[in-house]
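If you're matching positions, the sequence shown starts at 130 in my numbering and goes up one per residue.
From the three backbone atoms N, C-alpha and C, an ideal C-beta is built for every residue, glycine too.
Only a predicted model underlies this, so the values are computations on that prediction, with no experimental measurement involved.
Data block below; observations after.
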Amino acid sequence: MNYKEYYAKSISQPENFWKEQANTIEWYNKPEITLSEDENGYPLWYKDGELNVCYLALDKHIQDGYGDQVAIIYDSPVTQTIKKYTFSEVKTEVAKLAGGMQSLGLKKGHTAIIYMPMIPQAAFAMLACARIGVTHSVVFGGFAPHELAIRIDDCKPRLIITASSGIEVDRLITYKPLVDEAIELASHRPKKVIVFNRKLGARIPFKKYDVDYDALVYGSEETPCVAVNASHPLYILYTSGTTGKPKGVVRDTGGCAVALKFSMQKIYNIKEGDVFWAASDVGWVVGHSFIVYGPLINRNSSIIFEGKPIKTPDASTFWRIIDEHKVNAMFTAPTAIRAIKKEDPNGDFIKKYDLSSLKTQFLAGERCDIPTLEWYNQHIPVPAIDHWWQTESGWPMIANMLGVESLPIKPGSVGKAVCGYDIKIFDEEGNEVQANQQGYVVVKLPLPPGTLLDLWKDNLRFKAGYLEQFPGYYFSGDGGYKDEDDYIYITGRVDDVINVAGHRLSTAEMEEVVASHQSVAECAVIGINDALKGQIPLALVVTKLYDDTEHFQLEHEIIQIVRQQIGAVASLRNVVIVNRLPKTRSGKILRKLMRSIADGDQFQIPSTIDDEAIIDEITEVLQKYEIGTFNKNNNLTN
């Protein structure tokens, strides 16, 4: 069956289509009801099914005779460590960790936070939670205590699992003091903190609630998998919201398992036994779907990479890993390829390695510019496929479905709609627009299995954010257009969430932090184009009337506050002082206008602007500080 017919069936007969896909995984109780609705009238998949994702990822393969196959390859150039774990080895540690968690009082329905670097124990912790029906929330290890505290108060974990440290190119990041500080900041108090000591010399201040990871695993018996309902929350993953308060996206268990098995085979064209590498982090949705659950459910060897595309030790790292571990398909953000391109523009490192095992390169997380695609294809003759999805969807929404039919690649496009996603481009009134006309990217309900079930304990925000703007449709928050061949192009966020190197960050949250500085009277944070990271934040501040703080001092202090409150991942580098901010007569700050000025885009002056003279003022300031398109080297990288 070709793509067109296969996709059409998924849209016209969604129940039959996804009932067939449910047969590709093993259930404790196979669902009789494929599609129904929850108490709020939202579509629900496999309502009466029971299963366990940890069983599908580990135990099933061992029972099928594949216990000695490598499940996880840990490659850490920052610690110069390579270690391989078979499915049997992973299952033993996961089952013991899960047993230890039960001995600490954890049971089905409880929540736990995982705050760890890119080490195998992060994946073990996720799988151990899934094994006993504990809903996990992985918090990216680069987030500051304030951010961790917000998540502690929202999902109220009984347990936190952490490590002694993360490691960067030039420094250790001690995790345990950050966790202790977050617990002090939070209103909710977790009962226990499990600490994995990496023995890298990091300080581990002992608290009464601490439990040693190794001792817990060593002293515990293996515990069996617990059956959970298909709609049981597998995990909560927080993504930035425009209000500054993170949104806890809830993923169900049954739909997720079906969708990820489907993704591995039909989208990524990965066969059981292949080696798959998603060069991301378990703190992001890519890590959940395509480092841990997807590859392991599909019986693939998955690589956990602790390092950077450059400087660990150089721009050859990706190619060395592909060669050494015989990677069949790789997934990374365009940022990584741009960083490598900058360090090795002629591809000299690429020539030193045997990349013959690599069949496909997948890119996602942000818009991939055409020059980056062209550079990649110039040096590596495999398809480089851009595709698009979100934390909310949990798996690709628009792609080239290689496991169904390999379609021609159109540079700049993220492909065609994936099975189950009836994607439309709407204008502001909810009318579908013509080909090549830009509008809002929306998806007709029901969304397919594996997409967000709700926002954690906040159904009103879920409805307001995704369902109310266009009734009957999921609003993605992105803009885009379709061409005459139904290829889809994503133009970017339509709200105030920016995408920094694949990390979605709230400018509203950054503004709140910037505004807390004693010299700042008013501020706006916008995302401007960056050649390396896609977008970076720029803070424009109006200082208090009689404040005489030097610009360089103010910039340094604000950058430090943002780093402390949000984390280095925010990548705030530029703070500029302006006399005033452009606003409408009603007082709304015109952020889109400022973005257009900084990026050198054409713009139309809003009829509601308070004073047109502000446009020249903002332009002059950006020229003075050489920000954005006014960078003297014509290079937006900071």
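- request: Leaving aside the five residues before and after residue 212 along the sequence, list all residues of the same chain whose C-beta is less than 7 angstroms from its C-beta, in chain order.
  value: 203
query: Nearest-angstrom Cα distance between residue 698 and residue 272?
result: 7 angstroms
message: Distance check for residue 571 and residue 596, CA to CA, integer angstroms please.
response: 10 angstroms
- prompt: Should the stretch 427-447 be called in touch with the stretch 288-300, which here means at least 3 C-beta pairs below 8 angstroms?
  reply: yes
- prompt: Assuming residue 366 and residue 267 make a contact with CB atoms under 8 angstroms, what is their CB distance in whole Å?
  reply: Correct: roughly 7 angstroms between the Cβ atoms.
field: Cβ neighbour criterion (16 or more within 10 Å) applied to residue 505
entry: By the neighbour-count rule (16 or more Cβ atoms within 10 Å), residue 505 is buried.
- request: Kindly indicate which residue of 718, 600 and 678 has the alpha-carbon position closest to the one of residue 637.
  value: 718
Residue range of the beta strand (DSSP E) that includes residue 659: 649-659
query: Any idea if residue 343 is buried or exposed, counting beta-carbon neighbours within 10 angstroms, 16 or more meaning buried?
result: exposed
message: Taking the straight line between their C-alpha atoms, what separation do you get for residue 568 and residue 191?
response: 49 angstroms
- prompt: How about residue 423 and residue 462: are their beta carbons less than 9 angstroms apart?
  reply: Taking the C-beta atoms as reference points, residue 462 is found no nearer than 9 angstroms to residue 423.
Coarse secondary structure for residue 253, derived from DSSP in three states: helix
message: Assess contact between the stretch 657-668 and the stretch 598-610, defined as three or more Cβ pairs (one per stretch) separated by less than 8 angstroms. Is contact present?
response: no
- prompt: Taking the C-alpha atoms as reference points, what is the distance between residue 155 and residue 383?
  reply: 10 angstroms
field: CA nearest to the CA of residue 456, picked from 132, 735 and 199
entry: 199
task: Run the CB neighbour count on residue 640, radius 10 Å, all protein chains shown included, and call it buried at 16 or more, exposed below.
output: buried
message: Can you tell me whether residue 478 is helix, strand or coil according to DSSP?
response: coil
- prompt: Any idea what DSSP makes of residue 611, helix, strand or coil?
  reply: strand
- prompt: With a Cβ-Cβ cutoff of 9 angstroms, do residue 464 and residue 630 count as a contact?
  reply: yes
message: By the three-class DSSP mapping on this structure, what secondary structure does residue 571 have?
response: strand
- prompt: Are the beta-carbon atoms of residue 517 and residue 526 separated by less than 9 angstroms?
  reply: Closer than 9 angstroms, so yes.
Cβ neighbours of residue 143 in the same chain (closer than 8 angstroms, five flanking residues each side left out): Result list for residue 143: 164, 549, 575 and 577, in chain order.
field: One or two residues paired with residue 621 in a DSSP bridge
entry: 608
- prompt: If you scan the stretch 281-324 from start to end, which runs of the beta strand (DSSP E) of 3 or more residues do you find wholly inside it?
  reply: 288-292, 294-296 and 301-303
query: Hey, residue 618 and residue 541 are a contact pair by Cβ (cut 8 angstroms); roughly how many whole angstroms apart?
result: 6 angstroms
field: Per-residue burial, residue 347 [other beta carbons within 10 Å of its own, 16 or more giving buried]
entry: exposed
query: Among the residues of its own chain, which have a CB less than 7 angstroms from the CB of residue 709, if the five just before and after it don't count?
result: 671 and 743
- prompt: Contact between the stretch 234-244 and the stretch 467-487: three or more CB pairs below 8 angstroms?
  reply: no
- request: Mind checking which residues open and close the alpha helix (DSSP H) that includes residue 393?
  value: Premise fails: residue 393 is in no alpha helix (DSSP H) and is neither H nor E.
field: Residue environment, residue 250, which counts as buried when at least 16 other CB atoms sit within 10 Å
entry: buried
query: Among residues of its own chain, excluding the 5 on either side of residue 561, which ones have a beta-carbon nearer than 7 angstroms to its beta-carbon?
result: 553, 554 and 555
query: Would you say the stretch 745-753 touches the stretch 682-696, given that touching needs at least three Cβ pairs under 8 angstroms?
result: With contact defined as three or more Cβ pairs closer than 8 angstroms, the stretch 745-753 and the stretch 682-696 are not in contact.
field: C-beta contact flag for residue 484 and residue 524 at 9 angstroms
entry: Going by C-beta atoms, residue 484 is not nearer than 9 angstroms to residue 524.
query: With DSSP run on the structure shown, which of helix, strand or coil describes residue 362?
result: DSSP places residue 362 in strand when its eight states are reduced to three.
field: Neighbourhood of residue 351 by C-beta, 7 angstroms cutoff - its chain only, sequence neighbours within 5 removed
entry: 221, 224, 225 and 228
Beta-carbon separation (whole angstroms), residue 340 vs residue 323, contact threshold 8 angstroms: 5 angstroms
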